[in-house]
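Going down the list, the sequences are from chains Y and L. Quick note on this note's numbering: the first sequence kicks off at 46 and runs consecutively. Quick note on this note's numbering: the second sequence kicks off at 4 and runs consecutively. Ideal Cβ positions, reconstructed from N, Cα and C, are used throughout, including at glycine. Beneath this line is the structure, given in structure tokens, with notes to follow.
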Amino acid sequence: MSPIELLETRITGVVRAVTGAGEQELVPQSRLSGPMPWVIAIMVTMTVIAMAAGLALRNTVVSAQAGLEGGITVQIVEPRAGERQAQSKAALERLRALPGVTGARLVPQDELDRLIEPWLGSDGGSASTMAIPVPALIDVQLAEQASEARVGQIRAALAKVAPAARVDAQSGWLEPVYDAIASLQWLAIALVLLLALALAAAVLMAARSALGTNRETIEIVHLLGGTDAQIAKVFQRSMGVDAIGGGVVGFALAVVVILFLGRHFAGLGAGMVESGALGWNDWLLLAMVPVAAALLAMLTARLTVMHALRKML
Amino acid sequence: MSQPAGDEIVQFDNVGLRYGTDREVLRNLSFTLFPGSFYFLTGASGAGKTSLLRLLYLAQRPSRGAIRMFGADAITLPRERLPMLRRRIGVVFQDFRLVSHLSAFDNVALPLRVAGANERDLRKPVTDMLEWVGLADRMDARPATLSGGEQQRVAIARAVIARPQMLVADEPSGNVDPEMAVKLLRLFEALNGLGTTVVVATHDVHLLQKVPDSLIMRLNKGQLGDPTGALKFPPARDASPVRPARPSA
Numbered sequence: 046m047s048p049i050e051l052l053e054t055r056i057t058g059v060v061r062a063v064t065g066a067g068e069q070e071l072v073p074q075s076r077l078s079g080p081m082p083w084v085i086a087i088m089v090t091m092t093v094i095a096m097a098a099g100l101a102l103r104n105t106v107v108s109a110q111a112g113l114e115g116g117i118t119v120q121i122v123e124p125r126a127g128e129r130q131a132q133s134k135a136a137l138e139r140l141r142a143l144p145g146v147t148g149a150r151l152v153p154q155d156e157l158d159r160l161i162e163p164w165l166g167s168d169g170g171s172a173s174t175m176a177i178p179v180p181a182l183i184d185v186q187l188a189e190q191a192s193e194a195r196v197g198q199i200r201a202a203l204a205k206v207a208p209a210a211r212v213d214a215q216s217g218w219l220e221p222v223y224d225a226i227a228s229l230q231w232l233a234i235a236l237v238l239l240l241a242l243a244l245a246a247a248v249l250m251a252a253r254s255a256l257g258t259n260r261e262t263i264e265i266v267h268l269l270g271g272t273d274a275q276i277a278k279v280f281q282r283s284m285g286v287d288a289i290g291g292g293v294v295g296f297a298l299a300v301v302v303i304l305f306l307g308r309h310f311a312g313l314g315a316g317m318v319e320s321g322a323l324g325w326n327d328w329l330l331l332a333m334v335p336v337a338a339a340l341l342a343m344l345t346a347r348l349t350v351m352h353a354l355r356k357m358l
Numbered sequence: 004m005s006q007p008a009g010d011e012i013v014q015f016d017n018v019g020l021r022y023g024t025d026r027e028v029l030r031n032l033s034f035t036l037f038p039g040s041f042y043f044l045t046g047a048s049g050a051g052k053t054s055l056l057r058l059l060y061l062a063q064r065p066s067r068g069a070i071r072m073f074g075a076d077a078i079t080l081p082r083e084r085l086p087m088l089r090r091r092i093g094v095v096f097q098d099f100r101l102v103s104h105l106s107a108f109d110n111v112a113l114p115l116r117v118a119g120a121n122e123r124d125l126r127k128p129v130t131d132m133l134e135w136v137g138l139a140d141r142m143d144a145r146p147a148t149l150s151g152g153e154q155q156r157v158a159i160a161r162a163v164i165a166r167p168q169m170l171v172a173d174e175p176s177g178n179v180d181p182e183m184a185v186k187l188l189r190l191f192e193a194l195n196g197l198g199t200t201v202v203v204a205t206h207d208v209h210l211l212q213k214v215p216d217s218l219i220m221r222l223n224k225g226q227l228g229d230p231t232g233a234l235k236f237p238p239a240r241d242a243s244p245v246r247p248a249r250p251s252a
């Protein structure tokens, strides 16, 4: 044996002794050379993006609900400008006197003009001078949630002083939007589950293929007294390493995509979109995806191999 | 060779083996193997030697009959308990069956690793064993780069490294020169002297003469030919076993 070979042998021995390697060498390893890490990377990327979308939607809903929970809008729908103004003033005074009302303000004319501008345009002048009568708006904030009963009470209180008043809970207007967002959230959850299933199926096929390729070796290890658990552990560990490698790559890719999309959405300047920004707890949850993928891959590999080995003597 | 009663390590009782729906390749085998004995299994090609060895190293369950090994019923034993029995058996396969992606060192270390030996503890015995079979300078070589004889020596080293209670060897001298064949037999004898039961399948009649205290099991068309009854189950204690002629000086 040449000195170099001798040195190599000694180094191998030391590495083996230090790392406790050995069992994992029962079956040939092909880490990061096969398609599995890349399949896992793609799965993790898609899962993280789908989950991030779901979390952002949830944040949007939570934020919007928090803002509108105690909000009520009172419209004074009266075509005669003078009467409208009088009823608005009376309603505002009555509202401020009601218990549980923390704030009430008449929406200024210029703000009203800006609100209707997208529909009616700015050429016709302000709402006050338009031929089309535009209701006066009172923005009311309650201390508690604007329930149906509470809205009914306020409606009754305003009936005498402002018969043209229409009272609506602000959250009610966004109910269809909430429903749509909830559907998207369910879609995101379904996507995450489907991707988990696809990952498990891919691992199952990879494990079966590896078992077929290494059948001869496995048989020898069996005949030398190797247990199913020992053999399964080798595949499980190998798959775990692939999954962790793929998971890290997939997560990094997903983070880039999310940040990119986040920047673009932030550029829209829409308050509702901005409120969907991900918090630290959301990022922590997303970081758990590659971990969960690795655990799922390892569990699937173990169960597949154990099941297959049970057919051997 | 008289044997103490009740310490048999292998008992075959009316064992038969068939593959699929073909005719039986082994028929009505009844014999007992005792600890510390040395057996040669002989017979022409196709007589069923390898099939019998497969039953002995628990690679196969018989189609009928009863087999007890190391005091356990090998037929009804749950498969999760088979590894513990297999670890007590060393096997030299006819086609070596070395693990192609492992070096000579790792192939020999395999039974120790499977048994859970610490990496620090296996280096010396494996190195010593490879030195003994003359492969100290080929420790890191993969099987594909070894000659047939070298592969066979690795296979033998792997079979005996864990000091098995029973060693089963299928034509172990088939690919080695006569000098190495004798050396291997001496190793088997040394193991036998330590109490290991050795079963060597061979059609090399010269080999039989080199182990004077060995017993011979002759297989002929799947049946055990044993005119003296020494290998029958239950064994005839006072019968003289079939002994090979002592090698001439």
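- With contacts defined as CB atoms closer than 8 Å, residue 343/Y and residue 250/Y fail to qualify as a contacting pair.
- Taking 8 Å as the threshold, the shortest C-beta distance from residue 256/Y to chain L does not fall below it.
- Per the Cβ contact rule, the stretch 147-155 of chain L is not in contact with the stretch 69-85 of chain L (fewer than 3 Cβ pairs under 8 Å).
- Residues of chain Y with a Cβ closer than 8 Å to the Cβ of residue 114/L are, in chain order, 269 and 270.
- At a Cβ-Cβ threshold of 8 Å, residue 334/Y and residue 305/Y do not count as neighbours.
- For residue 275/Y, the residues of chain L that pass the 7 Å Cβ criterion are 117, in the order they occur in the chain.
- Against chain L, a Cβ distance below 7 Å from residue 262/Y picks out 102.
- A direct Cα-Cα distance of roughly 55 Å separates residue 345/Y from residue 163/Y.
- By the beta-carbon neighbour count (other beta carbons within 10 angstroms, threshold 16), residue 208/Y is exposed.
- Contact check for residue 140/Y and residue 185/Y: beta-carbon distance about 6 Å, within the 8 Å limit, so the pair qualifies.
- Contact note: residue 90/L reaches chain Y through 270, using a C-beta cutoff of 7 Å and chain order.
- Taking 8 Å as the cut-off, the beta carbon of residue 287/Y is found closer than this to the beta carbon of residue 85/Y.
- In the DSSP assignment, the residues bridged to residue 35/L are 14/L.
- The residue among 47/L, 218/L, 118/L and 112/L with its C-alpha nearest the C-alpha of residue 274/Y is 118/L.
- Measuring C-alpha to C-alpha distances from residue 210/L to each of 137/L, 188/L, 225/L and 200/L identifies 188/L as the nearest.
- DSSP places residue 295/Y inside the alpha helix (DSSP H), whose first and last residues are 273-311.
- Scanning 279/Y, 270/Y and 248/Y for the CA closest to the CA of residue 259/Y turns up 279/Y.
- Chain order gives the chain Y residues near residue 86/L as 267, 270, 271 and 272, where near means a beta carbon separation below 8 Å.
- The stretch 231-246 of chain Y makes no contact with the stretch 209-216 of chain Y; the number of CB pairs closer than 8 Å stays below 3.
- Within the stretch 64-83 of chain L, the residues whose Cβ lies closer than 8 Å to any Cβ of chain Y are, in chain order, 64, 82 and 83.
- Inclusion of residue 193/L and residue 95/L in the CB contact set at 8 Å is not warranted, their separation being larger than that value.
- Around residue 22/L, no beta-carbon contact reaches into chain Y at under 8 Å, the shortest distance being about 14 Å.
- In the three-state scheme derived from DSSP, where H, G and I count as helix and E and B as strand, residue 199/Y is classed as helix.
- Under the Cβ criterion of 8 Å, residue 236/Y is not counted among the residues facing chain L.
- The beta-bridge partner set that DSSP reports for residue 173/L consists of 204/L.
- Apart from sequence neighbours up to five positions away, the residues of its chain that approach residue 39/L with a beta-carbon distance below 7 Å are 195, 198 and 200, ordered along the chain.
- Taking residue 141/L as the centre and dropping the five residues before and after it, the same chain places the C-beta of 107, 149 and 153 closer than 7 Å to its C-beta, in chain order.
- Interface with chain Y (8 Å Cβ-Cβ cutoff): residue 94/L is included.
- At a cut-off of 8 Å, the C-beta of residue 348/Y has no neighbouring C-beta in chain L.
- Taking a cut-off of 8 Å for Cβ pairs, the stretch 127-137 of chain L and the stretch 75-85 of chain L do not touch, as fewer than three such pairs fall below it.
- Contacts between residue 358/Y and chain L, judged by CB atoms closer than 9 Å, involve 61, 62, 63, 64, 82 and 85 in chain order.
- Secondary structure note for residue 127/Y: its alpha helix (DSSP H) is the uninterrupted segment 126-142.
- Contact between residue 136/Y and residue 119/Y holds: their C-beta atoms lie close to 6 Å from each other, under 8 Å.
- When the Cα atoms are used, residue 200/Y and residue 293/Y turn out to be separated by approximately 57 Å.
- For residue 76/L, same chain residues with a beta-carbon under 8 Å away, outside a window of 5 residues either side, are 69 and 70 in chain order.
- Cβ neighbours of residue 176/L within its own chain (closer than 7 Å, five residues either side excluded): 184, 187, 205, 207 and 210.
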